[in-house]
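Reading through the structure tokens given below for one structure.
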């Protein structure tokens, strides 16, 4: 059972029918080895189908790939169609997907729309091919392009896109600044190269920079370090401008890659720390409950066991009497009253008022290997 301190996104859904909830968790919230193997198998099927689609466009392998691809498409259409129906049925374990309106809400999800488009496109391709027509006509090739969307099936939860969006949003100011300066360098340098090269001709009597658009094309190819070589400065002035432009603009256009790389690394570390923190919350909650039970069971007239919450005002610090007040005995008392599922923890408990009208209890959790 999920702790109330953990977000609902981290908890699996429990349906009235356990089978419906198990299927939904298996398909929509994969966790564990079996889920990994299933989704990895789906990825391999999609990848093999994509490879055969590429081979079908090569004349040397067209006949072999087309015949094999036809049967693979049949298998994938049946598989994804069945999975789509199962997903629609299992989504009923959630309250917002119950009934006809809930099913329509599930169908309107972007990933569900993509799945439906892929299935319909595959059925159209197969129906045209089974009628004896050419399997790879120009119209069918356009429809077959939609089948590439199957690769989005690998990341149905959209975790990759959310991670990318969060990194871009966090570093938006740095990215906008570098791209703005790089764009200014691109348009100015391209214009100066155009002024220097518009009258220069090559050995064939042709000019490579007959317009400003040609200079902009050369600038884009240069700053992206592609270098097609179709347009080359001929004059020394143009070469000097191109050299300065390459050193300046390429350095600025390369900065976004470093910004995004460091942002991804920091974001992954943050997610790992959050996962570790979420794992510690149930143990901390159990320890606090155990501490309260030990405190409430003290044989003192000033201590009254109650499960209601009160705010104690004034300079009041409760004192724990009896032999259990020593640190060693108190730790043993906490461990003895702790639930069996709670791991052994070393506790450091400090009670202080710090000139505040409220009673403050600070519990520090340090996992250690403690002997029984």
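Residue numbers (the working numbering): 266 to 637. The beta carbon of each residue, even a glycine, is placed where N, CA and C say it ideally should be. Just so we're clear, the structure is a prediction, and the values are computed from it rather than from any experiment.
Check	Outcome
For residue 526 and residue 520, I'd like the C-alpha separation in whole angstroms.	10 angstroms
Report all residues from its chain with a CB closer than 7 angstroms to the CB of residue 330; omit the five preceding and five following residues, and keep chain order.	317, 320, 321
To the nearest angstrom, report how far apart residue 662 and residue 362 are at their CA atoms.	There is simply no residue 662 to check, as the chain begins at 266 and stops at 637 in what is shown.
State the Cα-Cα distance for the pair residue 488 and residue 443, rounded to the nearest angstrom.	13 angstroms
Please list, in chain order, all residues of the same chain as residue 473 whose beta carbon is under 6 angstroms from its beta carbon, the five residues on each side excluded.	496
Taking 7 angstroms as the threshold (C-beta atoms), are residue 422 and residue 358 in contact?	no
In terms of residue numbering, what span does the alpha helix (DSSP H) encompassing residue 325 cover?	Careful: residue 325 lies outside any alpha helix (DSSP H) and carries neither H nor E.
With DSSP collapsed to three states, give me the class of residue 495.	coil
With DSSP run on the structure shown, which of helix, strand or coil describes residue 373?	coil
Can you tell me which of the three DSSP states residue 471 falls into?	coil
What would DSSP say about residue 509, mapped onto helix, strand or coil?	helix
What are the boundary residues of the alpha helix (DSSP H) that residue 413 is part of?	It is not in any alpha helix (DSSP H) - residue 413 carries neither H nor E in the DSSP assignment.
So residue 425 and residue 465 are supposed to be a Cβ contact under 8 angstroms. How far apart are they, rounded?	About 47 angstroms separates the two Cβ atoms, so there is no contact after all.
With residue 335 and residue 353 assumed to form a contact (beta carbons below 8 angstroms), what rounded beta-carbon distance in angstroms separates them?	Not really, about 27 angstroms apart at Cβ, beyond 8 angstroms.
Select from 376, 548, 517 the residue whose C-alpha is nearest the C-alpha of residue 416.	376
Can you tell me where the alpha helix (DSSP H) holding residue 459 begins and where it ends?	437–462
Do you know offhand how far residue 550's Cα is from residue 384's?	47 angstroms
Report the residue from 447, 528, 478, 445 whose alpha carbon sits nearest the alpha carbon of residue 436.	528
Just how far apart, CA to CA, sit residue 355 and residue 303?	17 angstroms
What's the C-alpha gap between residue 554 and residue 545?	14 angstroms
Spatial neighbours of residue 439 within its chain, please: C-beta separation below 6 angstroms, excluding the five flanking residues on both sides.	524
Measuring alpha carbon to alpha carbon, tell me which residue in 484, 343, 301, 313 is nearest residue 451.	484
Would you call residue 341 buried or exposed, if buried means 16 or more other Cβ atoms sit within 10 Å of its Cβ?	buried
What's the call for residue 552, buried or exposed, on a 16-neighbour Cβ count within 10 Å?	buried
Around the Cβ of residue 638, are there at least 16 other Cβ atoms within 10 angstroms (buried) or fewer (exposed)?	Here the chain comprises residues numbered 266 to 637, so residue 638 is not present and cannot be evaluated.
Looking at C-alpha atoms only, which residue of 449, 348, 477 is the closest neighbour of residue 513?	449
So what's residue 490 in DSSP terms, helix, strand or just coil?	coil
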